[in-house]
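Read through the structure below, which is laid out as structure tokens, and then see the notes.
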Amino acid sequence: MQTATRTFRLEELAGALGLAFTGNPDCSIRDVGTLDSADPDAATFLANPAYKPALASTRAGVVVMKPDMAETFNGNALLSANPYADWARLIELLRPQPAAAAGIHPSAVIADDAQIDDSAHIGAQVAVGAGVRIEARAVIGPACVIDDGVCIGESARLVGRVYVGGGAHLGRRVIVHPGVVIGADGFGLAMEQGGWRKVPQVGSVRIGDDCEIGANTTIDRGAIEDTVLEHDVRVDNQVQIAHNVHIGAHTAIAGCVGIAGSTRIGRYCMIAGASGIAGHLDICDSVIITAMSTVLDSIDQPGEYGSGIPARPHARWKRLLVRLGQLDEWARRLRRLEQSNNNGPSRHE
Amino acid sequence: MQTATRTFRLEELAGALGLAFTGNPDCSIRDVGTLDSADPDAATFLANPAYKPALASTRAGVVVMKPDMAETFNGNALLSANPYADWARLIELLRPQPAAAAGIHPSAVIADDAQIDDSAHIGAQVAVGAGVRIEARAVIGPACVIDDGVCIGESARLVGRVYVGGGAHLGRRVIVHPGVVIGADGFGLAMEQGGWRKVPQVGSVRIGDDCEIGANTTIDRGAIEDTVLEHDVRVDNQVQIAHNVHIGAHTAIAGCVGIAGSTRIGRYCMIAGASGIAGHLDICDSVIITAMSTVLDSIDQPGEYGSGIPARPHARWKRLLVRLGQLDEWARRLRRLEQSNNNGPSRHE
Amino acid sequence: MQTATRTFRLEELAGALGLAFTGNPDCSIRDVGTLDSADPDAATFLANPAYKPALASTRAGVVVMKPDMAETFNGNALLSANPYADWARLIELLRPQPAAAAGIHPSAVIADDAQIDDSAHIGAQVAVGAGVRIEARAVIGPACVIDDGVCIGESARLVGRVYVGGGAHLGRRVIVHPGVVIGADGFGLAMEQGGWRKVPQVGSVRIGDDCEIGANTTIDRGAIEDTVLEHDVRVDNQVQIAHNVHIGAHTAIAGCVGIAGSTRIGRYCMIAGASGIAGHLDICDSVIITAMSTVLDSIDQPGEYGSGIPARPHARWKRLLVRLGQLDEWARRLRRLEQSNNNGPSRHE
Numbered sequence: 012m013q014t015a016t017r018t019f020r021l022e023e024l025a026g027a028l029g030l031a032f033t034g035n036p037d038c039s040i041r042d043v044g045t046l047d048s049a050d051p052d053a054a055t056f057l058a059n060p061a062y063k064p065a066l067a068s069t070r071a072g073v074v075v076m077k078p079d080m081a082e083t084f085n086g087n088a089l090l091s092a093n094p095y096a097d098w099a100r101l102i103e104l105l106r107p108q109p110a111a112a113a114g115i116h117p118s119a120v121i122a123d124d125a126q127i128d129d130s131a132h133i134g135a136q137v138a139v140g141a142g143v144r145i146e147a148r149a150v151i152g153p154a155c156v157i158d159d160g161v162c163i164g165e166s167a168r169l170v171g172r173v174y175v176g177g178g179a180h181l182g183r184r185v186i187v188h189p190g191v192v193i194g195a196d197g198f199g200l201a202m203e204q205g206g207w208r209k210v211p212q213v214g215s216v217r218i219g220d221d222c223e224i225g226a227n228t229t230i231d232r233g234a235i236e237d238t239v240l241e242h243d244v245r246v247d248n249q250v251q252i253a254h255n256v257h258i259g260a261h262t263a264i265a266g267c268v269g270i271a272g273s274t275r276i277g278r279y280c281m282i283a284g285a286s287g288i289a290g291h292l293d294i295c296d297s298v299i300i301t302a303m304s305t306v307l308d309s310i311d312q313p314g315e316y317g318s319g320i321p322a323r324p325h326a327r328w329k330r331l332l333v334r335l336g337q338l339d340e341w342a343r344r345l346r347r348l349e350q351s352n353n354n355g356p357s358r359h360e
Numbered sequence: 012m013q014t015a016t017r018t019f020r021l022e023e024l025a026g027a028l029g030l031a032f033t034g035n036p037d038c039s040i041r042d043v044g045t046l047d048s049a050d051p052d053a054a055t056f057l058a059n060p061a062y063k064p065a066l067a068s069t070r071a072g073v074v075v076m077k078p079d080m081a082e083t084f085n086g087n088a089l090l091s092a093n094p095y096a097d098w099a100r101l102i103e104l105l106r107p108q109p110a111a112a113a114g115i116h117p118s119a120v121i122a123d124d125a126q127i128d129d130s131a132h133i134g135a136q137v138a139v140g141a142g143v144r145i146e147a148r149a150v151i152g153p154a155c156v157i158d159d160g161v162c163i164g165e166s167a168r169l170v171g172r173v174y175v176g177g178g179a180h181l182g183r184r185v186i187v188h189p190g191v192v193i194g195a196d197g198f199g200l201a202m203e204q205g206g207w208r209k210v211p212q213v214g215s216v217r218i219g220d221d222c223e224i225g226a227n228t229t230i231d232r233g234a235i236e237d238t239v240l241e242h243d244v245r246v247d248n249q250v251q252i253a254h255n256v257h258i259g260a261h262t263a264i265a266g267c268v269g270i271a272g273s274t275r276i277g278r279y280c281m282i283a284g285a286s287g288i289a290g291h292l293d294i295c296d297s298v299i300i301t302a303m304s305t306v307l308d309s310i311d312q313p314g315e316y317g318s319g320i321p322a323r324p325h326a327r328w329k330r331l332l333v334r335l336g337q338l339d340e341w342a343r344r345l346r347r348l349e350q351s352n353n354n355g356p357s358r359h360e
Numbered sequence: 012m013q014t015a016t017r018t019f020r021l022e023e024l025a026g027a028l029g030l031a032f033t034g035n036p037d038c039s040i041r042d043v044g045t046l047d048s049a050d051p052d053a054a055t056f057l058a059n060p061a062y063k064p065a066l067a068s069t070r071a072g073v074v075v076m077k078p079d080m081a082e083t084f085n086g087n088a089l090l091s092a093n094p095y096a097d098w099a100r101l102i103e104l105l106r107p108q109p110a111a112a113a114g115i116h117p118s119a120v121i122a123d124d125a126q127i128d129d130s131a132h133i134g135a136q137v138a139v140g141a142g143v144r145i146e147a148r149a150v151i152g153p154a155c156v157i158d159d160g161v162c163i164g165e166s167a168r169l170v171g172r173v174y175v176g177g178g179a180h181l182g183r184r185v186i187v188h189p190g191v192v193i194g195a196d197g198f199g200l201a202m203e204q205g206g207w208r209k210v211p212q213v214g215s216v217r218i219g220d221d222c223e224i225g226a227n228t229t230i231d232r233g234a235i236e237d238t239v240l241e242h243d244v245r246v247d248n249q250v251q252i253a254h255n256v257h258i259g260a261h262t263a264i265a266g267c268v269g270i271a272g273s274t275r276i277g278r279y280c281m282i283a284g285a286s287g288i289a290g291h292l293d294i295c296d297s298v299i300i301t302a303m304s305t306v307l308d309s310i311d312q313p314g315e316y317g318s319g320i321p322a323r324p325h326a327r328w329k330r331l332l333v334r335l336g337q338l339d340e341w342a343r344r345l346r347r348l349e350q351s352n353n354n355g356p357s358r359h360e
């Protein structure tokens with residue numbers, strides 16, 4: 012659905028945000044932009060000091076920024092201790108998202124015993140299974156499939172074309188983007204007489220309040236117990252979360268990450284893009300994994316971890332790969348040199 | 012659809028599974044759990060010896076385990092040579108999945124000439140194209156799209172929101188999870204006068220009996236001939252299988268793996284999560300690829316292969332990256348040391 | 012939809028393609044195949060010289076190839092300066108794709124104010140939002156969701172089950188494969204009082220003419236301005252393109268690549284499979300990234316770059332990982348050897 016647009020005087024905007032401001036209180040603000048692109052009727056923000064040089068030439072009507080950054084700024088400023096968060100609040104004011112109309116679209120197919128709150132919105136082409144419960148103000152966008160026994164919490168929003176498998180429970184204000192599959196079977200297989208036997212997956216998925224799940228992400232149901240995301244977990248696009256994984260509150264996971272089965276991740280972790288985390292590990296709170304890293308061992312100390320290798324010009328990289336292949340031989344050569352130097356083998360060896 | 016629950020006396024359960032048991036034949040079993048969580052009316056299993064310590068404190072009504080593990084166990088045990096496979100069979104007994112009701116949901120759109128067996132189930136919001144054949148007891152879950160000329164084998168189950176492209180053939184008992192796309196065009200492009208020309212992809216996809224395809228996985232149609240999965244191939248979530256790939260029977264592929272075009276993978280291979288396999292390769296039978304590895308060459312010997320690098324604390328990893336960049340210089344320094352030692356260059360160089 | 016089949020005499024085919032030929036002008040061609048599989052009534056092609064040995068035994072009715080390759084060939088040949096591109100044109104002749112019938116399927120749900128050209132095709136189970144514009148001959152396949160304010164260009168084809176989010180603009184002849192999500196929210200989060208606040212994403216997505224987007228790929232809407240693909244960008248399956256990314260014309264991106272937010276990629280780049288490109292980078296024109304590489308820095312020189320490590324037998328790889336862990340110690344040992352050799356520290360150090 013499209014967002015509306017509202018106009019504020021700078022003074023009103025500052026009041027609505029609870030922020031001090033400098034400059035012309037009557038400046039009219041009705042749009043948003045970047046430091047480079049914002050017009051004189053648009054707001055923008057400065058959070059990353061690296062962009063400070065762009066301040067000199069910005070035409071923006073107002074800039075949300077820290078008070079110290081504003082000291083040398085001639086334009087209008089909204090003074091904020093946390094400019095990026097206040098920027099988010101400013102956009103919410105200027106572009107309020109209209110509430111979806113309550114009611115069930117006539118093309119939706121709803122099981123007789125589903126309980127759908129009167130204030131909920133069920134979009135076109137939706138299918139809702141038996142025993143489903145959809146709570147107040149929840150929005151089920153077009154073409155979603157909600158399988159039997161699912162519960163969708165108050166004010167949750169499934170944007171469209173989301174699949175939620177049997178028995179899953181989504182908390183309040185959860186946002187789920189298109190293409191997401193919650194509650195598909197985990198990958199459980201037993202080898203028997205030379206072939207695979209599927210191990211039925213009888214757990215489900217529980218997603219806490221205020222989680223957000225990015226497009227085409229998959230979260231498998233648990234094998235026996237549930238796969239769990241605590242509250243305020245934020246997951247980007249194309250992330251794979253396998254069965255029995257447990258993710259702590261406030262953890263953020265960037266695009267293309269894969270988390271294998273039964274791994275526990277703590278609170279306030281940040282997993283950068285395309286990293287992989289092996290199964291049955293325990294990652295403690297406040298761990299940062301850098302991009303394209305491979306986590307093969309549990310981590311019990313907060314901090315930053317990684318194994319991503321930055322790309323180089325191909326010829327240099329190929330030579331480096333040759334060197335890697337020589338390391339075994341180098342180990343022998345080093346030792347031989349040390350012996351012939353009468354140093355004997357190094358005590359570090 | 013939700014699974015039902017049944018209750019068994021231990022003696023009955025052992026009989027149904029064809030297993031010997033120890034303990035109280037009248038113990039009533041109606042649930043499943045883990046060694047840690049199972050209640051006295053629940054079954055659990057012990058397959059991985061690492062979990063043996065949990066046996067001492069389990070409250071489970073019965074544990075499926077190997078006879079030698081059971082020797083020192085005081086609780087009820089189902090004695091199995093293959094506990095994980097028998098565990099799967101036990102769940103099938105306790106939580107039988109009800110057969111989907113035969114028939115076509117009124118909201119489904121079915122081409123006039125589609126042949127749908129009377130025992131098949133076609134769910135809500137489904138679209139079935141011209142010339143499609145859906146065989147006995149097949150289940151097409153909600154919001155699936157079955158394009159023209161597709162054949163879905165006996166007892167296959169497309170859980171929901173699956174896309175199957177023109178002419179694809181799925182075998183018997185195949186299970187396809189939500190979000191899967193079978194038979195999209197492969198990535199075939201010819202450069203012509205400074206722009207790309209699409210090379211039409213006229214092959215299709217053939218998937219053998221008893222395959223299982225995980226959520227949001229993609230399997231492209233062949234460029235000329237078909238992309239093929241032999242029988243009992245098991246594919247996890249978010250796997251990308253490019254055009255003309257051929258995967259041998261009983262091979263298992265974990266989440267987030269990518270397999271580039273025209274590669275052949277043998278039987279009984281296991282590809283761990285997030286690995287990538289380049290195009291036009293030949294991987295023989297019984298190859299294991301470890302997690303997050305990059306396969307750039309054909310493999311003609313069974314065994315385990317890999318190139319994943321375990322993550323380390325960031326400061327240590329950054330220092331190691333610096334060392335990597337120095338290897339070329341080290342090669343020169345090593346040689347110079349050897350020369351000055353009158354050893355001459357090593358014969359290994 | 013299924014493709015039709017047509018039959019040509021070789022002479023006619025050569026005329027239609029504007030190519031010279033050698034061999035029997037009356038040879039009847041009605042199918043396509045590979046050098047190995049083509050029947051005597053089928054065409055095939057030879058573009059990669061590595062496949063030249065297969066020429067000797069091919070039974071194909073005609074082979075599209077370069078004139079110099081044809082000199083020693085006894086069969087029928089279509090002589091082409093660009094065999095792979097002419098092969099694409101040949102398939103288009105033999106397997107013309109029928110135009111989709113104009114009109115709106117009765118099961119589609121269309122907002123009252125959507126403007127849909129009379130020549131456009133809207134398939135079964137589609138949902139089209141308010142203010143949408145769908146231009147001449149565009150095809151919206153089954154189960155697509157087109158959100159409010161989207162514009163779909165002339166002759167564009169959304170194969171089926173595609174999601175296009177609010178306000179996105181797709182150019183002429185764009186092809187979008189199933190499972191694609193265009194215009195989901197980017198991953199914008201501000202930490203505030205110990206929890207995440209969502210930063211509303213108010214940009215959209217613009218996709219130029221002649222782009223092709225592979226199955227289950229995701230392209231996020233911009234945070235403030237639009238995410239942009241210029242014309243003739245070709246994207247394979249399961250690619251993640253984050254908010255504010257800008258991709259230049261004629262760039263091709265293979266499967267499973269991830270591109271983080273605000274990165275700019277030039278024209279005529281080729282990104283091989285499963286590579287990751289960090290955010291806020293600038294990649295110049297004509298850059299090639301090899302498979303499974305990690306791009307962490309901007310690139311300002313055309314050429315080939317990479318950091319993928321080819322898999323080795325596991326025992327050898329594990330030993331190499333041990334060596335990697337020893338490099339810090341080796342640095343000390345090398346220096347000590349150099350000092351004891353009275354060479355002093357190397358000037359390269």
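Same order as they appear, the protein sequences are chains X, L and C.
Its first residue numbered 12, the first sequence is counted upward by one per residue in the numbering used here.
Its first residue numbered 12, the second sequence is counted upward by one per residue in the numbering used here.
Its first residue numbered 12, the third sequence is counted upward by one per residue in the numbering used here.
Where is the CB? At the ideal position from N, CA and C, for every residue including glycine.
Since the model is a prediction, treat every value here as computed from it, not as a measurement.
Please compile the residues from chain C whose C-beta is within a distance smaller than 7 angstroms of the C-beta of residue i.
i	result
X/Q249	T229, Q249 and Q251
Look at the alpha carbon of residue i and the alpha carbon of residue j, and state the distance between them as a whole number of angstroms.
i	j	result
X/N354	X/G317	A caution first: X/N354 carries a pLDDT of 47, below 50, which makes its placement in the model unreliable, though a value can still be read off. So the alpha carbons of these two residues sit roughly 36 angstroms apart.
C/V137	C/Q204	42 angstroms
X/R217	X/I299	24 angstroms
L/D293	L/G176	27 angstroms
L/F198	L/A285	20 angstroms
X/R365	X/D52	Residue 365 of chain X falls outside the range modelled here, since chain X spans only 12 to 360, and no answer is possible.
L/E165	L/R184	6 angstroms
L/H132	L/I163	12 angstroms
Three-state secondary structure (DSSP) at residue i?
i	result
C/E236	coil
L/Q13	Residue confidence for L/Q13 is low, a pLDDT of 48 falling below 50, so the modelled location carries little weight and cannot support an answer.
L/A322	coil
X/D339	helix
X/E360	Unreliable placement is indicated for X/E360, whose pLDDT of 41 sits below 50; the coordinate value is still reported in the next sentence. DSSP places X/E360 in coil when its eight states are reduced to three.
L/A25	helix
C/G355	Any reading at C/G355 needs caution, since the residue's pLDDT is 45, under 50, leaving its predicted position unreliable; the model's value is listed next. Coil, per DSSP.
What residues of chain L sit near residue i, judged by a beta carbon separation below 9 angstroms?
i	result
C/S48	I235 and E236
Starting from residue i, find everything on chain C with Cβ-Cβ shorter than 8 angstroms and list it in chain order.
i	result
L/G190	G190 and N227
L/P271	Sequence inspection shows Ala at residue 271 of chain L; the Pro mentioned does not correspond to that position. What L/A271 touches in chain C: A265, G266, G284 and A302.
Starting from the beta carbon of residue i, find every residue of chain X whose beta carbon is closer than 8 angstroms, and list them in chain order.
i	result
C/Q136	Q136 and A154
So which residues of chain L does residue i contact, with C-beta pairs closer than 7 angstroms?
i	result
C/A31	Per Cβ cutoff of 7 angstroms: no residues; C/A31 is ~18 angstroms from chain L at best.
Legend entry - Uninterrupted beta strand (DSSP E) stretches inside the region 36–120 of chain L (no shorter than 3 residues): 53–56, 73–76 and 88–90
Legend entry - Runs of alpha helix (DSSP H) wholly within the region 117–148 of chain L (minimum 4 residues, chain order): none
Inset, instruction - Note down, in chain order, all residues in the region 193–212 of chain X with a beta-carbon under 8 angstroms from any beta-carbon belonging to chain L. - result: A195, D196, F198, G199, L200, A201, M202, E203, G205, G206, W207, R208, K209, V210 and P211
Legend entry - Interface residues of the region 296–330 of chain C facing chain X [CB-CB below 9 angstroms]: I299, I300, T301, M303, S304, T305, V306, L307, D308, I310, Q312, G314, E315, Y316, G317, S318, G319, I320, P321, R323, R327 and R330
Legend entry - Start-end ranges of the beta strand (DSSP E) lying completely within the region 133–219 of chain L, minimum 3 residues: 192–195, 200–203, 206–209 and 216–218
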